[in-house]
Structures are given as structure tokens and as C-alpha cells.
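Structure, as C-alpha cells:
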Amino acid sequence: MRQRRSVLYRWPYHLNVMKLFFRALLSYQKDGILLHASSLEIGGLGLVFIGQGNSGKSTVVKLLRPDRTLSDETTVIRKINNTYKAFPNPWWNGYGIRNINIHNPQKPVRLKALFFIKKSKDKTSLRKLEFKEALSMLIYIDHSFQQCGLWDNKIGIKECYLFFYDLLKSIPAFQLNIKKGRKFKEDFLVLLNKHFKENG
Numbered sequence: 014m015r016q017r018r019s020v021l022y023r024w025p026y027h028l029n030v031m032k033l034f035f036r037a038l039l040s041y042q043k044d045g046i047l048l049h050a051s052s053l054e055i056g057g058l059g060l061v062f063i064g065q066g067n068s069g070k071s072t073v074v075k076l077l078r079p080d081r082t083l084s085d086e087t088t089v090i091r092k093i094n095n096t097y098k099a100f101p102n103p104w105w106n107g108y109g110i111r112n113i114n115i116h117n118p119q120k121p122v123r124l125k126a127l128f129f130i131k132k133s134k135d136k137t138s139l140r141k142l143e144f145k146e147a148l149s150m151l152i153y154i155d156h157s158f159q160q161c162g163l164w165d166n167k168i169g170i171k172e173c174y175l176f177f178y179d180l181l182k183s184i185p186a187f188q189l190n191i192k193k194g195r196k197f198k199e200d201f202l203v204l205l206n207k208h209f210k211e212n213g
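Its first residue numbered 14, the sequence shown is counted upward by one per residue in our numbering.
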């Protein structure tokens, strides 16, 4: 029993080392990043929700009741054949998730949009971010940027920055203010569909 407890106690530290190594590997290959974000699929759309701890990443997944949940904590985004795709989290913990449809965890989904999430007491709202604002938020809010390098931190950070830059030139990013409640999913989808209808 003591040995089992010791293994469980050390596991989170081993997990962090694996994440650092994986981030470095992605930046070395120049085709992906690992974000502190939840991700899901609704109607064939891959949506990624970025935020700091306790910002509501798991809550968004629970409220939206998606067709498929990729992760509630960290998400891999890769560029394959000029298409950005969100991949299931290989270390998904499932904390805070209940009664959610989870299936076919190996299949990625084409990325449609990024959301920087924030809790709101007033109403659910969606604002399209300008490129520079989105890039700044992705660098400084997500904190993945500071962990891109391992063998050579300067090279890792440079490759991570270039990936962020290209990603945001191709994929729209939004500020999403979340008001918890039964109407959140309806309100969110109305706002999202309105944006894509107006912007093609």
C-alpha cells in the first residue's frame, strides 16, 4: 500500500515532465503546440477554449454538451496538409466532467475557432479579436509559450511564436464571456453562427 501511494504521489510530477517534453517535441517538429485549453466538437466544428486555472474550461464543455469531447484541460493543435486540427489530449484527466459523450478518442477534428474565456455575471457575449490582441493573449494568458523550448529555449520559443502567428492568421479568435445557465449553449451557438454567417 505504501508503494502504491508513493507512485500516485509522484505521478503528477512525471506528468508535468512528459508535457514539457511533448511541447518541446512539437516545437522541434514545427507543426504543433500543446495549449492549456479544453476542446470539443459540435456539428463537425472543432472549438478550443483557452483560459487560466478556474476560468471555466471544464464548465464550458459541460454546458455545451458537445457531440464529442477532446479534452477538458490540455489540447494539442497541429498543422497537417495546411489544415489546423485539434487532437484529443493523451493525458486527459476528466476532472469535473460528468455525463458527457466521449468516443473515438484517436480522431482529430478540423479547428474552426479559438475562444479566450472569461466568466460573466451579466450575459454570454462574443467578441472577435484583432490579430495583435489575440496573439498577445495567446502568448501571455495560456503560458504554453514560456514552455516551448527544452533543448534550446530560444529556438523553441521562436518556433512556438511562428506557429501562433500562422495559426491566428488562419483561425479566428474570440473573447467569450460566459454566463452559466441553461441558455448558455443556445446563446453561444446563436452568437457563433451569426459571426460565421456575416463573415463567410
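For glycine and all other residues, C-beta sits at the position ideal for the given N, C-alpha and C.
Problem set entry | From I152, K182, S183, residue whose alpha carbon lies closest to that of I170 | Nearest C-alpha to I170: I152.
Problem set entry | CA-to-CA distance, I130 to L189, given in whole angstroms | 5 Å
Exercise. Which residues bound the beta strand (DSSP E) around K192?
Worked result: Segment: none, K192 is in no beta strand (DSSP E) and carries neither H nor E.
Exercise. Considering S133, what are the terminal residues of the beta strand (DSSP E) in which it resides?
Worked result: Element bounds for S133: n/a, residue is neither H nor E.
For this session: Please confirm if the region 133–152 is in contact with the region 79–88, defined as three or more CB-CB distances below 8 Å between the two stretches.
Result: no
Exercise. From L181 to A147, what distance separates their C-alpha atoms?
Worked result: 7 Å
Problem set entry | Sequence-distant residues of its chain with Cβ nearer than 6 Å to L222 (five each side left out) | A query on residue 222 cannot be resolved here, the shown segment of the chain reaching from 14 to 213 and no further.
Problem set entry | L216 versus G194 - alpha carbon distance | The requested residue 216 is not part of the displayed model; the chain covers only 14 to 213.
Exercise. Using the beta-carbon count (16 or more within 10 Å), is F144 buried or exposed?
Worked result: exposed
Exercise. Who are the near neighbours of P121 in its chain, counting only those whose CB is closer than 7 Å to its CB and skipping five residues on each side?
Worked result: K98, A99, F100
Exercise. T88 to K196, Cα distance in whole Å?
Worked result: 26 Å
For this session: Could you pull the start and end residues of the alpha helix (DSSP H) that I152 belongs to?
Result: 144–153
Exercise. Mapping DSSP to helix, strand and coil, what is T82?
Worked result: strand
Problem set entry | Contacts around S68, its chain only, beta-carbon distance under 8 Å, and the 5 residues preceding and following it disregarded | I130, K131, K132
Exercise. According to the Cβ coordinates, are G59 and K125 closer than 8 Å?
Worked result: G59 is a Cβ neighbour of K125, given a cutoff of 8 Å.
Exercise. Which value, in whole angstroms, describes the spacing of the CA atoms of I55 and E172?
Worked result: 30 Å
Exercise. Tell me, which residues are paired with V89 by DSSP?
Worked result: Answer is L47, F100.
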